[in-house]
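To keep things clear, I will list the structure first and then write my remarks on it.
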Amino acid sequence: MRLPQADVEWLKAKLDTGARSSALHAFDVEEFERDGADWVRFGIHPWQDTDTDAAAVELPVHDRRVVRSSTGHTQERLVVLMDVVLLDREVTAEVTLTNRDEMGFRMLIGREALRNGFLVDAGRSFVGGRAPRAVRRRNRGRA
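Going left to right, the sequence shown walks through residues 1 to 143 as the UniProt record's numbering numbers them.
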């Protein structure tokens with residue numbers, strides 16, 4: 001999948017029909033005001049265990065929500081609207097910003113984003129394909 005507003009061409013994401021909104025690993029989250037509106041600046045590490053291809057993003061704050069994790073913990077999170085490209089189809093998703101450092105996927109795609117005409121086959125993986133080999137090698141520190 002891809003995040004065009006962040007210039008992130010590849011991001012390994014997990015579809016999670018149990019989650020209402022989508023969630024993105026974000027770091028250095030900083031709220032600020034622009035033209036009287038609340039905005040947020042944050043960084044994205046698209047790859048696990050490395051800061052290769054890090055991106056910085058500034059977006060308006062859409063909402064603040066208390067989210068309950070799969071472990072039962074609650075956390076207040078900022079929500080932004082982000083364009084997400086899945087299978088060459090762009091949708092706008094409500095995305096909560098959180099620390100997903102310990103998770104295997106940098107992003108979860110929730111059911112609200114998937115309601116835009118996607119069908120989930122729980123028995124299949126990487127339906128949209130994997131990152132190109134050159135991208136995977138660069139991520140692993142190999143040119």
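By construction, the Cβ of each residue, glycine as well, lies at the ideal position given by its N, Cα and C atoms. Model, not experiment: these values are computed from the prediction.
Paired residues, beta bridge with residue i - DSSP
i	result
residue 50	None, per the DSSP bridge assignment.
residue 63	79
residue 16	110
residue 56	43
residue 86	89
For residue j and residue i, believed in contact at Cβ under 8 Å, the rounded distance
i	j	result
residue 43	residue 28	5 Å
residue 38	residue 61	4 Å
residue 15	residue 114	7 Å
Under the three-state DSSP convention, the category residue i falls into
i	result
residue 37	strand
residue 6	helix
residue 68	strand
residue 11	coil
residue 26	coil
**Message:** With three or more C-beta pairs closer than 8 Å as the rule, is the region 109-125 touching the region 92-99?
**Reply:** Two segments are said to touch when three or more pairs of C-beta atoms, one from each, lie closer than 8 Å; by this definition the region 92-99 touches the region 109-125.
**Request:** Could you say if the region 41-56 and the region 119-130 meet the contact criterion of at least three C-beta pairs nearer than 8 Å?
**Result:** These segments do not touch.
**Request:** Decide if the region 6-13 is in contact with the region 51-62; the criterion is three or more beta carbon pairs, one per stretch, under 8 Å apart.
**Result:** Yes, they touch.
**Prompt:** Mind pulling the alpha helix (DSSP H) runs of 4 or more residues that sit fully within the region 93-136?
**Reply:** At a cut-off of 4 residues, the continuous stretches assigned as alpha helix (DSSP H) that sit fully inside the region 93-136 are 111-114.
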